[in-house]
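Notes follow the structure.
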Amino acid sequence: MKIKMVKMGSDYTTPINCRLRGIVVTSDNKHLSVEIGCAYSPDIRHTSLTQKEYNIKYPNPQYVSIDSCYRVDIPEDRYKNSTKEYSKYIRANFFEIPYTEKGIIEFLKKLNNDIDGIELVNEYYIDKYCEENGFYELYDDRLKHNYEILSIKYLDPDIKDKSKITYKYTCYAKDGTEFSEIGEERDNIKNIVKKYGVENVKPLALDYIDKLCKTFTSIELKEKFNQLIIDVFETDKDEILLEMDNDYTDI
């Protein structure tokens, strides 16, 4: 089985600044993006090794070095995946494997023993492969996904200024596998309502305002929040929102 790899600057026949990148399908059908580079053994004069020790540690003048190895078939970003099941290959140097076609295949066999060759292809291959197979990163709108607002951490009384919320993002891989994470977002309250829906944001906003105004009893603050509720949530102006006290503490 041949593996298609994109040549980045040069190939294994001219290893100066060389790097190859490709998609490897493992024996258990996981799809990996792998980047293989050419590294150079150091000058023995810059080491504390004896000649015998040096020859054992660095048997090859140029050897295989792996820059990245992460799954593309699940909707998480490359940085998360590169720290998980294939982390042992990240920034890994294989001093014992020469940077040659045979050596590169020797490394690739660690991922799938059926690999027996390399085919150099154009630079658009990887993106095209992922698109054709429906492999997208987290937050790519092409994934089936949804957002759920969890809480309001800060609500600015000025609707033009940014408030802060926590949300849960959930997306689904091509095979239906679910992935989710909790995040934070800053935006003005009108945009937050537009994104998450008034029915989801309003209860959280009213709860936030109620708790804040019990701590800070400023008349001015209550008036600002009353106006915000009217402007953002289209509450009837005749509805009593927050009781006004004559005794208050400035924030």
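So the sequence shown is numbered by the working numbering: it starts at 58 and just counts up by one. Cβ atoms here follow ideal geometry from the backbone N, Cα and C, with glycine treated the same way.
Taking 4 residues as the minimum length, the alpha helix (DSSP H) runs contained wholly in the segment 97–158 are 108–114, 135–138, in order along the chain. The three-state secondary structure of F236, taken from DSSP, is strand. Per DSSP, E256 is one residue of the alpha helix (DSSP H) stretching across 255–272.
Closest in alpha carbon position to R243, among L89, K252, N112, is K252. Under the three-state reduction of DSSP, G191 is assigned to coil, being neither helix nor strand. Relative to the Cα of S139, the nearest Cα in the group N150, T234, D124, F152 belongs to D124. Separation of L263 and D213 (C-alpha to C-alpha, rounded to the nearest whole angstrom) is 13 Å. The DSSP-derived three-state label of E291 is coil. With a cutoff of 8 Å on beta-carbon distance, T83 and N169 are scored as near each other. The criterion of a C-beta distance shorter than 8 Å is satisfied by V178 and M62. Excluding five sequence positions before and after L261, the CB atoms of its chain that fall closer than 7 Å to its own CB belong to I206, S208, I209, given in chain order.
For R128, same chain residues with a beta-carbon under 7 Å away, outside a window of 5 residues either side, are K87, H88, L89, N138 in chain order. Under the DSSP assignment, Y226 falls in the beta strand (DSSP E) whose first and last residues are 219–229. Membership of R199 in any beta strand (DSSP E) is not indicated, and neither H nor E is assigned to it by DSSP. Note that the C-beta distance between V258 and I249 is below 8 Å.
Taken atom to atom, the span from the alpha-carbon of E188 to that of P132 is near 12 Å. If you check the CB distance, T223 and E241 come in under 8 Å. Taking the CA atoms as reference points, V81 sits about 13 Å from Y182. In the DSSP assignment, K87 falls outside any beta strand (DSSP E), carrying neither H nor E. One thing to note: L285 has its Cβ no nearer than 8 Å to the Cβ of I239. Sequence-distant partners of I172 (beyond 5 residues in either direction) whose C-beta falls short of 8 Å from its own C-beta, in its chain, are M58, K59, I60, V81, I162, L165, K166.
By the CB criterion at 8 Å, K279 and C270 fall inside the cutoff. Secondary structure of E163 (DSSP, three-state): helix.
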